[in-house]
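Residue numbers (our numbering): 139 to 349. Taking it in order: structure first as structure tokens, then the write-up.
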Amino acid sequence: MKRYGVDFYVWRQQLEQDWHQVIQRALKKEQLNGALEQFLDAVEQKLERKLTPHDSERIACRAGCGTCCQVHVAVLQPEAENIAAYLKENWTSEQLETLQQRMQKMLVRIEGLDEVERAAVSCSCVFLSDEGSCSIYPVRPLLCRSLTSTCSESCRQALRMQALGESCQVEMNLFQKELFDTAYLALASIWQRCGKDHRGYELTAAVSEAL
Ligand code: SF4
Ligand code: SF4
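Structure below.
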């Protein structure tokens, strides 16, 4: 069934068909990160083709907001490896050491917490810069890309409510959400077909492990 002009079930099958061989070949040649970048570009291009200028204007997400960057984010192993490779390429050894220390502190703080408890401790993502931007923006997780909102105050309110164990509606671009959620499921399925662990892991733990 089509939603927002796209049959996401068919698109997911198409993604799996188009990218399984590409990712499998890249794995053999140890060029996974290049293949993953192409996969992410393909999904971003689909988003760009579909979003109208009106849609884009309504989305409130901006560098410097980042209020949402304290929720639990699940990543797949290839995403964590891609982020680790990006960090090794772009960050100095001192920055990586500081990051590892921050990640270990963060992991102690969030260990065993469910989503409500995590919202209550207000623990920002280790990749959120002091200016409120994502410091791994080009390789950020698919599920971070799926999150949009038309009102940053609604996000703050929703987080406050989540910390109290209650829910609050946030108006968002549902096409973007469904697009990246579907891409995540397709990549998990591709990864499984490559004989790999296709489960999602908490972002900090997964990247710390991959570094
Ligand atoms: S989802 Fe909300 S909190 Fe996150 S960047 Fe967008 S407007 Fe800001
Ligand atoms: S990876 Fe980037 S976008 Fe995702 S939660 Fe962390 S800072 Fe925010």
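All residues carry an ideal CB built from backbone N, CA and C; glycine is no exception. Computed from a predicted structure; not experimentally measured.
In angstroms with no decimal places, state the Cα-to-Cα distance between residue i and residue j.
i	j	result
Asn228	Asn220	12 Å
Glu347	Gln238	10 Å
Gly270	Gln169	31 Å
Ala164	Leu245	31 Å
Asp179	Gln314	14 Å
Leu297	Asp252	14 Å
Leu281	Ile197	16 Å
Ala344	Leu185	27 Å
Thr99	Glu232	Because the chain in this structure spans residues 139 to 349, residue 99 falls outside the shown range and cannot be described.
Val308	Lys166	42 Å
Thr230	Phe265	15 Å
Gly143	Gln183	16 Å
Cys263	Gly202	14 Å
Cys332	Ile161	8 Å
Lys140	Lys188	14 Å
Pro279	Gly303	25 Å
Ala258	Gln159	43 Å
His336	Lys243	26 Å
Phe177	Thr288	27 Å
Arg200	Ser290	9 Å
Thr236	Val209	22 Å
Val148	Tyr275	28 Å
Ser305	Met241	28 Å
Ala173	Gly338	19 Å
Met310	Ile328	28 Å
Ser260	Gly204	12 Å
Pro216	Asp193	30 Å
Thr342	Arg256	13 Å
Asn171	Trp157	13 Å
Ser267	Gly250	25 Å
Ala222	Phe146	30 Å
Ser273	Ile248	21 Å
Arg283	Ala218	15 Å
Lys334	Glu195	40 Å
Lys226	Gln330	26 Å
Hey, would you say the C-beta of residue i is under 7 Å away from at least one heavy atom of ligand 3?
i	result
Phe265	Absent from the structure shown: ligand 3. Ligands present: ligand 1 and ligand 2.
Considering only the beta carbon of each residue, do residue i and residue j sit closer than 8 Å?
i	j	result
Ala212	Glu316	no
Leu214	Leu285	no
Cys293	Cys206	yes
Lys234	Leu312	In the sequence as displayed, the identity of residue 234 is Leu instead of Lys. No, the pair does not count as a contact, with Cβ atoms beyond the cut-off.
Val254	Gln295	no
Val277	Tyr224	yes
Measuring CB atoms only, is the stretch 304-322 touching the stretch 146-153, in the sense that at least three cross pairs come out at less than 8 Å? In this structure the stretch 304-322 touches the stretch 146-153; the number of beta carbon pairs closer than 8 Å is three or more.
As an exercise, report each continuous beta strand (DSSP E) stretch of at least 3 residues that is fully enclosed by the stretch 213-250, in chain order. Assignment of beta strand (DSSP E) within the stretch 213-250, counting only whole runs of 3 or more residues, yields no such run.
Go through the stretch 303-329 residue by residue and report every complete run of the alpha helix (DSSP H) that reaches 4 residues or more, in order. Correct list: empty.
Within the stretch 263-302, note down every full alpha helix (DSSP H) run reaching 4 residues or more, in order along the chain. For secondary structure counted as the alpha helix (DSSP H) over 4 or more consecutive residues, the stretch 263-302 holds these complete runs in sequence order: 280-283 and 290-301.
Any chance you could list the beta strand (DSSP E) runs of at least 3 consecutive residues sitting entirely within the stretch 148-185, in chain order? Segments of the beta strand (DSSP E) lying fully in the stretch 148-185: there are none.
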